[in-house]
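Numbers 0 to 396, taken from numbering that gives the first Met the number 0, label the letters of the sequence shown in order.
For glycine and all other residues, C-beta sits at the position ideal for the given N, C-alpha and C.
Down below is the structure, laid out as structure tokens.
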Amino acid sequence: MDLHPPRPHAPARPEGRPPTATPTPGHAEVLLATRDPSLVAEVGRLAAAVGVGVSLVEDAAGVLRRWRAASVVLLGEDLLEEIVLLRPRPRPGVHVLARADRLEGCYRWALDLGATSAVPVPGAGDALADLLADVEEEPRPGRVVGVLGGSGGVGVTTFACALAQVASDDAAALVVDADPTGPGCDRVLGLDHVPGVRWEDLGGTDGRLGARALREAVPSRGGLGVLSFGPVRDEDVAGPPRAPLLREVVDAARRGHDLVVLDLPRAVPDRDLATRCDLLLLVVRPDLLGAASARRVAGRVRALAPTGGLVRGAPVDERALAAAVGVPLLARVGEQRGLEESVDLGLGPARTRRGALSRVAREVLDRLDLGALPPRSRVDAASSTGFLESVLVPDVA
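Have a look at this one:
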């Protein structure tokens, strides 16, 4: 299945007019630095197809003047060495463009520059078009919440789906199913019969995924999307997604959604995946064995990202349970009547916003405050308890 949606043909360009244009004030700027007419023509064609303005600069001094301000820098290999020798300050969003037969010779210079990628042109038109399309889109806050169990059978998938389902009322939300042994997030949400990309379709994908392409390709309903595993076949048991692909999916999902919810196995498949989370929710069974198991899981992940607990089941002494597990507790998830029927009907776990799952999901979302949470890079994971107490947990009189 093709991840990339069809694009309109580029409009005709009057003879003699350059294929690039200065973006209007207030819009993201794509800076193209090259003297190579073939690169100018190719980037201009792709930019026109997605409706993005590109500013062309043909000298190193001009590039340096706009180096920090541009949203994305597309640097032709003809200016690469010259720019590297000027030692500009490192920045994200720099992509080196080169003909395929000269790409290998660019790698060392691209590494010295700290470039995000080196792209063959022509030859990577879809990837470059997705990159340009992402620039044109309004940036999203893109928060990532991981949900994992302190022990088995605590309803991790159910709560992860409920959290995204409630968030999708007024935000773009995506559930990423990272646990091949679970029931399937698409099944829980009632999206298992909706056509779209599954993990199996992305198995051979390498390189950068476009945020818009991913959002439009996955099964969705309203503002809610899901990336899950395909139907179970006895002869073909699905394994976990490759770690680099999983990281790339999360990065693309963050750029294209307001909230990304990860349904994680207890053995988190990749430390880098956990560090991408703004918050980890550990679902805890409120008994001695559940607390002991959850403490082991918490010990592996709480240094990687801010971590809070959700108690699943009957009321308990939450202070004692928090001390036993080693993370602050955010809420208790009680039993919800009619949950199995709601899921069987394809309505998802948050069928009614008055149910226990919906109330707790809304409480977590309200405390999280998608618009106010600082970026993950500004959060000290080692001080996650203090961070959660100050940002997520209300003062107790």
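Its Cα nearest to that of Glu28, the residue Val62 stands out among Pro121, Val62, Leu309 and Leu96. The beta carbons of Gly347 and Cys160 sit closer together than 8 Å. Three or more Cβ pairs drawn from the region 166-174 and the region 218-226 lie within less than 8 Å of each other, which places the two stretches in contact. The shortest C-alpha to C-alpha distance from Ala171 to any of Cys184, Val187, Leu263 and Asp257 is the one to Asp257. Around Gly122, the same chain offers Ala99 as residues with beta carbons nearer than 8 Å, after the five sequence neighbours per side are excluded. If you keep only unbroken beta strand (DSSP E) runs of at least 3 residues inside the region 298-325, you get 306-311. Straight across, the Cα-Cα distance linking Val153 with Val283 is about 7 Å. By alpha-carbon distance to Gly312, the top candidate from Leu263, Leu320 and Thr306 is Leu320.
Counting every other CB atom within 10 Å of its CB across the protein chains shown gives Ala322 a total below 16, marking it as exposed.
With fewer than 16 other Cβ atoms inside 10 Å of its own Cβ, His192 counts as exposed. Fully enclosed beta strand (DSSP E) runs of no fewer than 3 residues occupy 71-75, 93-97, 116-119 and 142-148 of the region 68-154, in order along the chain. Of all C-beta pairs linking the region 45-53 to the region 100-111, fewer than three are shorter than 8 Å, placing the two stretches out of contact. Between the alpha carbons of Asp35 and Leu55 lies a distance of about 11 Å. Each of Thr306, Ala266 and Gly333 was checked against the Cα of Pro179, and the nearest Cα belongs to Ala266. Residues Trp66, Arg67, Val72 and Gly113 of the same chain have their beta carbon placed closer than 8 Å to that of Arg90, with the five preceding and five following residues left out of the count.
Judged by DSSP secondary structure, Ala242 falls within the alpha helix (DSSP H) whose first and last residues are Ala242 to Gly255.
Residue pairing by DSSP places Leu328 opposite Gly308 in a beta bridge.
The alpha-carbon separation between Arg361 and Leu162 amounts to approximately 8 Å. Secondary structure at Leu38: helix, using DSSP grouped into helix, strand and coil. Under DSSP, Gly224 forms a beta bridge with Leu173 and Ser219. Annotation for Ser54: the continuous beta strand (DSSP E) segment containing it runs Val53 to Val56.
Shown here for Leu85: same chain residues with a beta carbon closer than 7 Å to its own, the five before and five after excluded, namely Ala59 and Leu63 in chain order.
Leu338: not part of any beta strand (DSSP E); member of the alpha helix (DSSP H) spanning Leu338 to Asp343, first to last residue. Non-local C-beta neighbours of Val249 in its own chain, meaning closer than 6 Å and more than five positions away in sequence, comprise Arg275, ordered along the chain.
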